[in-house]
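Residue numbers (our numbering): 331 to 665.
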């Protein structure tokens, strides 16, 4: 395969990265405006619920992408060098943790002891969005063994049953267990549900299934509209029908979005240039969420409905600001 064709093929994965991080920032708009406290009682709130449902697949998209990309790796011997790739993630986490500490201590005047700050660093709460890094580190340490497992299931049918097993063990309980009711056992559910997305990404990389884009788009729109509309029909505050983000419902939506984008071909190579900063943009985004939403809500927030148009302002502002800081950080690290 020529270099040009390789670049054209891979641009779809960069589009997935950029779309996923924009979904993250969009989802945090609804976190910061507390949409879960508002009954879905009109078209405006229905539109917000729909947007929130779509953005919910952001982190699942990243896990699908991880499974897809790491499918290319073959492990004959596992040693410390196998895990060296984790260094980049840890450096970014420590860098942006320091920025978050400075903002929280000097700007928001948060008072904690040295031990408490250290504990927040270690439990990934110093950056309020740091839970993804905690999850990714655990996944990264197991990825070589997940790949070996997937590779040694030589038939497509065996690999399908591996995915089905992880879905039943993890994503199905994450979908049905809610509201204080446990309908299915959820031992090891969190890891199994993450593994399900990882293996689905590996499966797509292996077999590159082809589904009509119009069908995939219809699945995403109809599923997310059902997710949002169910709250209006039940006259309740917004509560995602899909349950946990790693639940079965969002497997369908996230996989559809991934299949919709991963094989897109484009000559717009600027997408690849900004996609390389996705992790840093994620870690940095809380800084600007905290700054922008504190100001905008203090001056412009009256109702959830009236504030909704600000999503067209906040999402580009948070993304572009985080991208700029991430670019500057890359220059500092290189020095």
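Cβ atoms here follow ideal geometry from the backbone N, Cα and C, with glycine treated the same way.
So for residue 369, helix, strand or coil by DSSP? Walking along the chain shown from the start, residue 369 turns up at place 39. Strand, per DSSP.
Proximity below 9 Å, CB of residue 346 to CB of residue 394: Stepping through the chain shown from its first residue, residue 346 is reached at position 16. Stepping through the chain shown from its first residue, residue 394 is reached at position 64. Yes.
CB-CB length for residue 648 against residue 612, believed under 8 Å: Walking along the chain shown from the start, residue 648 turns up at place 318. Walking along the chain shown from the start, residue 612 turns up at place 282. Not a contact, Cβ separation roughly 11 Å.
Are the CB atoms of residue 422 and residue 654 nearer to each other than 9 Å? Here residue 422 refers to the residue found at position 92 of the chain shown. Here residue 654 refers to the residue found at position 324 of the chain shown. Cβ atoms of residue 422 and residue 654: not closer than 9 Å.
Between the CA atoms of residue 438 and residue 479 - distance to the nearest angstrom: Stepping through the chain shown from its first residue, residue 479 is reached at position 149. Stepping through the chain shown from its first residue, residue 438 is reached at position 108. So the alpha carbons of these two residues sit roughly 47 Å apart.
Give every residue of the same chain whose Cβ lies closer than 6 Å to the Cβ of residue 549, excluding the five residues on either side of it in the sequence, and list them in chain order. Your numbering for residue 549 matches position 219 in the chain shown. If we look at residue 549 and ignore the five residues flanking it on each side, its Cβ neighbours are 586.
Which class does residue 667 belong to by DSSP, given the choice of helix, strand or coil? Outside the displayed span of the chain (331 to 665) sits residue 667, for which this structure offers no information.
For residue 391, which residues of its own chain have a beta-carbon under 8 Å away from its beta-carbon, when the five flanking residues on both sides are left out? To locate residue 391, count along the chain shown from 1; it is residue 61. Same-chain partners within the cutoff: 346, 349, 350, 353, 584, 587, 588.
Kindly indicate which residue of 483, 520, 578 has the alpha-carbon position closest to the one of residue 533. By one-based count along the chain shown, residue 533 stands at place 203. That would be 483, whose Cα lies nearest to the Cα of residue 533.
Does the separation of the CB atoms of residue 384 and residue 567 fall below 9 Å? The residue labelled residue 384 in the question sits at position 54 within the chain shown. The residue labelled residue 567 in the question sits at position 237 within the chain shown. Remark: C-beta atoms of residue 384 and residue 567 do not approach each other more closely than 9 Å.
On the three-pair Cβ rule with 8 Å, is the segment 489-499 touching the segment 412-422? Too few Cβ pairs lie closer than 8 Å, so no.
For residue 567, three-class secondary structure by DSSP: As a working mapping, residue 567 is identified with position 237 in the chain shown. In the structure shown, residue 567 sits in a strand (DSSP, three-state: E or B).
Go ahead and pull the three-state DSSP assignment for residue 497. Within the chain shown, the letter at position 167 stands for residue 497. Three-state result, residue 497: helix.
What's the C-alpha gap between residue 646 and residue 602? As a working note, residue 646 is residue 316 in the chain shown. As a working note, residue 602 is residue 272 in the chain shown. Spanning the two alpha carbons is a distance of roughly 18 Å.
Cβ neighbours of residue 575 in the same chain (closer than 7 Å, five flanking residues each side left out): For the purposes of this step, residue 575 is identified with residue 245 of the chain shown, where counting begins at 1. Spatial neighbours of residue 575 in its own chain (CB-CB distance under 7 Å, excluding positions within 5 residues in sequence) are listed in chain order as 386, 389, 390.
Just tell me which of 451, 433, 663, 526 has its CA closest to the CA of residue 489. As a first step, residue 489 is located in the chain shown; it is residue number 159 there, counting from the start. Ranking 451, 433, 663, 526 by Cα distance to residue 489 puts 526 first.
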